[in-house]
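Residue numbers (this note's numbering): 4 to 304. Beta carbons are placed, not taken as given, at the ideal position from N, Cα and C, and that holds for glycine. Just so we're clear, the structure is a prediction, and the values are computed from it rather than from any experiment. Notes for the one structure printed next.
Have a look at this one:
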């Protein structure tokens, strides 16, 4: 769909996430955007055409993991594993595990497959996997600013892509977590994991799942202070492409890219970043159960 471009207020002042502040004026040019996140069926066509092997399917390089026994350097990816009882939310390792054999073909591990999930968003894709698909498709990943402008659908300064209420008139608008995080998802919105793309209403630009379902990679490196740098001059920031490098004080040695939109694991108890101005981040060299992507294309193409 065509995204017309224009000015908007980027970021969010709400909540405890300082990396979304300050809200600042940004202008982006028009561009084309995929209506949905890239699906398993679409990614399968790419793999069939190119023979591409994703990061999660490759054996780990001993040089990158000194001291780790060779038998542990097997292809793996991070899988959400809910605990069997409530836990403190101060340690995410309580609900994540590195699962050998987990990848886009086997989302929960070797015993799982994609039957019935052809139209679900592809997951377990690292940043470089998304870029490889984009090159094959003749498209690219959006910048963070483009993604947020498109996700807002023209509703500037609104909390969500559809307005300020999470459930207008009691209607679920996105695939998120209901219940008690991380041990009990009651699936009140109809899904306990990923959902087929376009299962919920689109935003005003015709884009689906810009909140919830899966996090989406964007092109920008992650720095928590980038918005402060962007807003420092007070001028309108035109087509920002993100910082020149990555730095996350919480994990200084890990290079991270921005992720947007939240996922089916987002809950107001723990992760409320499914808001229009929310930001996520991820190690660019790995994927997970809840990370996918969508693509855009320049107007001239």
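(request) Could you tell me if residue 42 is buried or exposed, where buried requires 16 or more neighbouring beta carbons within 10 angstroms of its beta carbon? (result) buried
(request) Tell me residue 6's beta-bridge partners as DSSP assigns them. (result) BP columns for residue 6 point to 34.
(message) What does the alpha-carbon distance come out to for the pair residue 74 and residue 16?
(response) 47 Å
(request) Go through the stretch 80-105 residue by residue and report every complete run of the beta strand (DSSP E) that reaches 3 residues or more, in order. (result) 99-103
(message) Helix, strand or coil, according to DSSP, for residue 3 in the structure here?
(response) With the chain running from 4 to 304 in the structure shown, residue 3 is simply not present.
(request) Leaving out five residues on either side along the sequence, give the residues of the same chain with a beta carbon under 6 Å from the beta carbon of residue 37. (result) 297, 298
(request) Would you mind stating whether residue 285 and residue 276 have Cβ atoms separated by less than 8 Å? (result) no
(message) Only counting the same chain, and skipping five residues up and downstream in sequence, which positions put a Cβ closer than 6 Å to that of residue 304?
(response) At residue 304, the pLDDT of 48 sits below 50, so the modelled position is not reliable; the number obtained from the coordinates is stated separately. Here the set comprises nothing.
(request) Report the residue from 71, 60, 112 whose alpha carbon sits nearest the alpha carbon of residue 84. (result) 112
(request) Figure out for me which residue from 213, 94, 153, 229 has the closest Cα to the Cα of residue 201. (result) Cα-wise, what sits closest to residue 201 is 213.
(request) State the DSSP-derived secondary structure class of residue 143, mapped to helix, strand or coil. (result) Per DSSP, reduced to three states, the secondary structure at residue 143 is strand.
(request) Using the DSSP secondary-structure output, state which residues sit across from residue 183 in a beta bridge. (result) 187
(request) Pick out whichever of 78, 158, 186 has its Cα sitting closest to the Cα of residue 8. (result) Of the listed residues, the one whose Cα sits closest to residue 8 is 158.
(message) Buried or exposed, going by whether 16 or more other CB atoms sit within 10 Å of the CB of residue 64?
(response) exposed
(request) Reducing DSSP to helix, strand and coil, say where residue 21 ends up. (result) helix
(request) Assuming residue 129 contacts residue 58 (C-beta within less than 8 Å), just tell me the rounded distance between them. (result) 4 Å
(message) Quick check on residue 294: does DSSP put it in helix, strand or coil?
(response) strand
(request) Out of 252, 27, 153, 120, point me to the one whose CA is closest to residue 232's CA. (result) 27
(message) Here's the rule: buried if 16 or more other CB atoms are within 10 angstroms of the residue's CB, otherwise exposed. What is residue 210?
(response) buried
(request) Along the alpha helix (DSSP H) that carries residue 311, what are the first and last residues, could you check? (result) Because residue 311 is not part of the residues shown, which for the chain are 4 to 304, the question remains open.
(request) Counting only the same chain and skipping the five closest in sequence on each side, list residues whose C-beta sits under 8 Å from that of residue 61. (result) Non-local beta-carbon contacts of residue 61 in its own chain, meaning distances under 8 Å to residues more than five positions away in sequence, involve 78 in chain order.
(message) Restricting to Cα atoms, I'd like to know which of 268, 49, 137 is closest to residue 195.
(response) Taking only the C-alpha atoms, the option nearest residue 195 is 268.
(request) Starting from residue 222, trace the beta strand (DSSP E) both ways and give me its first and last residue. (result) 218-224
(message) Contact between the stretch 180-200 and the stretch 245-257 is defined here as three or more beta-carbon pairs at a separation below 8 Å; is this criterion met?
(response) no
(request) Classify residue 270 as buried or exposed, calling it buried when 16 or more other Cβ atoms lie within 10 Å of its own Cβ. (result) buried
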